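Comments concern the structure below.
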Amino acid sequence: MPALSVLLMDSFNYFKKHFIAFCMLVLPFALITNGIALSFNENDGPGKFLVYMLFILTIYPFYKGAILYYIAYSFDGRRVPFSQLYQIPAKTWFSFVLMNMILGLAILMGFMALILPGLYLMARFSFTEIYCVLYKEKTNDAIKLGWHDTKDNYWVLFKGLVIIFGFTTGLMWALEYGLGLIGLQSPVLSFIFSISEVVLSMMNTIFIFRVFTVNTTKLEEIQAIE
């Protein structure tokens, strides 16, 4: 296993190289979801929020699946039209939604108990989306495989994801809070910061993918995906 600093630098360099492509894949999703969220007000009932969450749950597999396939294809220089990248995940939509509901509930319970159990589960389930989308594994199999394969490199994933969170989402939160303290706070700024968070969060997926493909067998399997 390469040093954590090497894995992080590899991930960052890949993010820089493919930044425009990631923006083109992510921004449509981010603009729609954050634009809807911006329309909420204090008088809105829980029904509107529930519909919003169901909408996100419906389109998330297409957005995240497109990201995963883009990374997989770019490993050996393949280029696929973005429209096709969004279509491929439709085959695993149900398994992906069910898996995220199960894992989301488990991680939420972990955070409710204590912060550390939640963070532990997030790291241990890091590979599940790769197995579900790229390997087309069923929900239970993707969860089991993801859990098993993070057994030996859990701490690398945990530390890397914490560092990335601090330099991406954490930084955005700090900047927004700092601007608020000096009176520069508005819905437009909040919207911009939210969009930036979504784009920067791609670093998490890239890092997870980088750790996953440290195993040369996994790298060969990824490169063989059609």
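Sequential numbering of the sequence shown, starting at 22, is according to the working numbering. Each residue gets a CB set at the ideal place from its N, CA and C atoms; glycine is no exception. No experiment lies behind these values; they were computed from the predicted model shown.
Below 7 Å between beta carbons: does that hold for residue i and residue j?
i	j	result
VAL154	ALA51	no
SER222	THR160	no
PRO208	LEU59	yes
GLY191	LEU25	no
GLY167	PHE148	yes
ILE53	TYR73	no
PRO49	PHE83	no
MET120	ALA87	no
MET193	SER211	no
Compare the Cα-Cα distances from residue i to each of the options and report the closest residue.
i	options	result
GLN108	THR149, TYR198, LEU46 and SER222	LEU46
LEU28	GLU158, LYS239 and MET224	MET224
MET143	LEU221, PHE212, TRP176 and SER104	TRP176
LEU124	LYS165, TYR90, MET74 and LYS157	LYS165
ILE92	PHE228, GLY204 and ASN236	PHE228
PRO23	GLU241, VAL235, LYS239 and LYS85	VAL235
ASP31	THR238, GLU241, THR226 and LYS239	THR226
HIS39	GLY98, MET120 and GLU242	GLY98
THR113	ASN55, LYS37 and LYS157	LYS157
PHE230	MET122, THR171 and GLY204	THR171
PHE103	LEU210, ILE41, PHE212 and MET130	ILE41
GLU241	LYS37, PHE96 and ILE80	PHE96
ILE80	TYR141, VAL118 and GLY201	VAL118
HIS169	ILE184, ARG145 and VAL183	ARG145
MET122	PRO67, ILE77 and ARG100	ILE77
PHE43	THR238, TYR198 and TYR90	TYR90
VAL183	TYR141, LEU200 and GLY204	TYR141
Under 8 Å by Cβ, that's how I've got residue i and residue j pegged, so tell me the actual separation to the nearest angstrom.
i	j	result
ILE128	GLY139	5 Å
SER294	ASN55	The shown model of the chain, from 22 to 247, leaves out residue 294, and the question about it has no answer.
LEU196	VAL232	The pair is not a contact, with the Cβ atoms about 28 Å apart (cut-off 8 Å).
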